[in-house]
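Working notes, beginning with the structure itself.
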Amino acid sequence: MILSGSDRRYDNQDDAALRLFKTICMYQGYPLYITTIAGFSAEAWDLINDRKMIIDVNDTDLDLTPPHIGYISPFANKGSVYPIKPPLRKQRQGIDVSNLSFFAPHSHDFQHLVPDLSVVKSVQAAIVRNRGEHPVNPVSRQVDEIRVSSQPSFSRPISSDMALTKTKDKSVLLLWHKNYPLGYYIPNECRWILPESRMTETRHEHLQNILKKETRNHEVQSHP
Numbered sequence: 010m011i012l013s014g015s016d017r018r019y020d021n022q023d024d025a026a027l028r029l030f031k032t033i034c035m036y037q038g039y040p041l042y043i044t045t046i047a048g049f050s051a052e053a054w055d056l057i058n059d060r061k062m063i064i065d066v067n068d069t070d071l072d073l074t075p076p077h078i079g080y081i082s083p084f085a086n087k088g089s090v091y092p093i094k095p096p097l098r099k100q101r102q103g104i105d106v107s108n109l110s111f112f113a114p115h116s117h118d119f120q121h122l123v124p125d126l127s128v129v130k131s132v133q134a135a136i137v138r139n140r141g142e143h144p145v146n147p148v149s150r151q152v153d154e155i156r157v158s159s160q161p162s163f164s165r166p167i168s169s170d171m172a173l174t175k176t177k178d179k180s181v182l183l184l185w186h187k188n189y190p191l192g193y194y195i196p197n198e199c200r201w202i203l204p205e206s207r208m209t210e211t212r213h214e215h216l217q218n219i220l221k222k223e224t225r226n227h228e229v230q231s232h233p
């Protein structure tokens, strides 16, 4: 939601504090974490660049539409997780990190994360990544990170919405789309094995867009 003209988002200071405190909102196209509300002024942090700003909660450049997040990696040695927004919105606006659920593909289950600054910073970084400023590393680099990890289960994203995880067979990785398993990847052969029932047109196009950026040729096999 973006204001225009003489519109005002908040006429009540308490309402502004209730809806914006400790949320991530977009300001001039960049994600900021709002830590303090005083009157109609908000103290907002860009944690990636350690930069603080004071903004007006009724500023027309403040956009409360929740941006897409995708996979985040708040802890380097614990693998990546996929934040999922609840189906029902609370009174908060923007992204309320404390209200997110985090799916960990390496454990095939949801993981409890304390919404501290490391998690908030990872969410900010993911939003910036989705804007194309900090792209995800190539598939080969992510595979290397999975292989060298000492963790029995570990995951790394190959895009904002796709990730690879270890399996019991060291030569095979499991491909995930958000919180849904899609198929398998054999790194030594650059071969993807994907059931047709799970590969929708959107998912197939998403994977092909990832592979276009790879320097090696990849084979995608589908089966009934």
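Offset between the sequence shown (1-based) and this note's numbering: plus 9.
Where a beta carbon is used, it is the ideal one built from N, C-alpha and C, also for glycine.
Burial is judged here by how many other beta carbons sit within 10 angstroms of a residue's own beta carbon; ASP70 has fewer than 16 and is exposed. In the DSSP assignment, GLU52 is bridged to THR45, ILE63.
Nearest to CYS34 by alpha-carbon distance, out of PHE49, PRO83, ASP55, is ASP55. Judged by their CB atoms, PRO95 and ASN86 are not nearer to each other than the 7 Å cut-off. A straight line joining the alpha-carbon of ARG18 with that of ARG28 spans about 11 Å. Sequence-distant partners of GLU205 (beyond 5 residues in either direction) whose C-beta falls short of 6 Å from its own C-beta, in its chain, are SER231, PRO233. With contacts defined as CB atoms closer than 7 Å, HIS213 and LEU220 fail to qualify as a contacting pair. The beta carbons of PRO147 and LYS222 sit about 7 Å from each other, so the pair counts as a contact at 8 Å. Under the Cβ criterion (8 Å, minimum of three pairs), the stretch 187 to 198 does not count as touching the stretch 124 to 133. If you draw a straight line from the Cα of PRO114 to the Cα of PRO161, it is about 13 Å long.
For the 7 Å CB-CB criterion, ILE43 and ALA134 do not form a contact. Sixteen is the threshold: since fewer than 16 other Cβ atoms of the shown chains lie within 10 Å of the Cβ of THR224, the residue is exposed. Just measuring C-alpha positions, the residue of LYS187, TYR194, TYR193 sitting nearest THR211 is LYS187.
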